[in-house]
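Peer 1:
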Amino acid sequence: MSTLLKIEFIIAEELADEAGVFIVSKVPHGWEETPIEGGRKITLYLEDHPLGMEVVKEFQARFPDGDVTYGEEEPEDWAMAWKDFFVPVNCGESFKIFPPWLSDDDDTTTKHITIEPKMAFGTGHHPTTSLCLATIGDLAKSEVILPGQTFLDLGTGSGILGIGLSMLGLTGVALDIDPLAVSCAVENAGINDVAECMELAVGSIDCLADDVEFDLVVANILSGPLIEMASDILARIKPGGSLVLSGILVDKQSDAVADAYEKRGIGQPQRFTEGEWVCLTWDNIGS
């Protein structure tokens, strides 16, 4: 079994948010942040060592006053590291995320999603994931999305959004260009007993048959691809359907993404925010 590259960044507190934005644009999964005196330590693990070294070089160039250390780590050590800091995550009023070794059977007010923390982005800890799940829960409560409808989860990562939608009674397709992410999502779908509700595959939106449409499309990816794929994404939404986009910074990216879709005739979105991140939603599209 190949070793992992463990990278630790030490960054001043006033630059920590900027560093987080930088890392989320480079690394397709979660990481650990530990408060230290005067700043934070950010720890991440990568199977792709060349990618890791490229991230190290770019980090050093962008944050010359920060410290970086790296070295090889056995996969078992990486897995144990998650257990040291993974705690349950509340995602709005509808969902709560747990790792397999924790549970809260006394909490019957939320739907529990079990996620095996691995090398795929989407444990629920990152605001873009928790915000997306919270938004989906709100849309279900307001009956914008309904049981029996179909969904496309584009950039599924660990499968967490598709799993949440399946628990709400929808069925659909979940895609990711990373085979490792899809393997992780398949495992998580099985753990949560929704494997029959989700068809998982490696690929992007262009791998779908031309005539396939969905009641709901969700995409928690980066703003650049969301803008580039605007026409392709909208072509996959049934008349009267809904769209949920996340992975978008409030100040720097939200207007550009919203405008890219508005100019294609669907108007301005509703905006749900958490910290510096925003989730954009449209409903009743094209009806």
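All letters in the sequence shown, in the order written, are residues 0 to 286 by numbering that gives the first Met the number 0.
Note that beta-carbon positions come from the ideal geometry of N, C-alpha and C, so glycine has one too.
(1) Quick check: what's the CA-CA separation for S157 versus E115?
(2) If we call anything under 9 Å between Cβ atoms a contact, is L174 one with G154?
(3) Look at the alpha carbon of G264 and the alpha carbon of K40, and state the distance between them as a whole number of angstroms.
(4) Let me know the secondary structure DSSP gives P63 once reduced to three states.
(5) From the DSSP secondary-structure annotation, give me the bridge partner or partners of G240.
(6) Could you tell me how far apart the beta carbons of T109 and F271 are, in whole angstroms, since I believe they sit closer than 8 Å?
(7) Are the beta-carbon atoms belonging to L284 and G240 less than 9 Å from one another?
(8) In the DSSP assignment, find the beta strand (DSSP E) that holds P34 and state where it starts and stops.
(9) When you compare only the Cα positions, how much space is there between D177 and P63?
(10) CA-CA distance, E46 and I9?
(11) Reducing DSSP to helix, strand and coil, say where S253 ends up.
(12) Buried or exposed, going by whether 16 or more other CB atoms sit within 10 Å of the CB of I35?
(13) Residues in the same chain with beta-carbon distance under 7 Å from A15, minus the five sequence neighbours each way, listed in chain order, please.
(14) Taking 9 Å as the threshold (C-beta atoms), are N219 and T127 in contact?
(15) If distances are taken between C-alpha atoms only, which option among V54, L130, P49 and K262 comes closest to V23?
Peer 2: If we stick to the structure as given:
(1) 8 Å
(2) yes
(3) 44 Å
(4) coil
(5) I284
(6) Wrong, their Cβ atoms sit about 18 Å apart, outside the cutoff.
(7) Looking at the sequence itself, residue 284 is Ile, so the reference to Leu does not match. Contact flag set, yes.
(8) E31 to I35
(9) 31 Å
(10) 21 Å
(11) helix
(12) exposed
(13) G38 and R39
(14) yes
(15) V54
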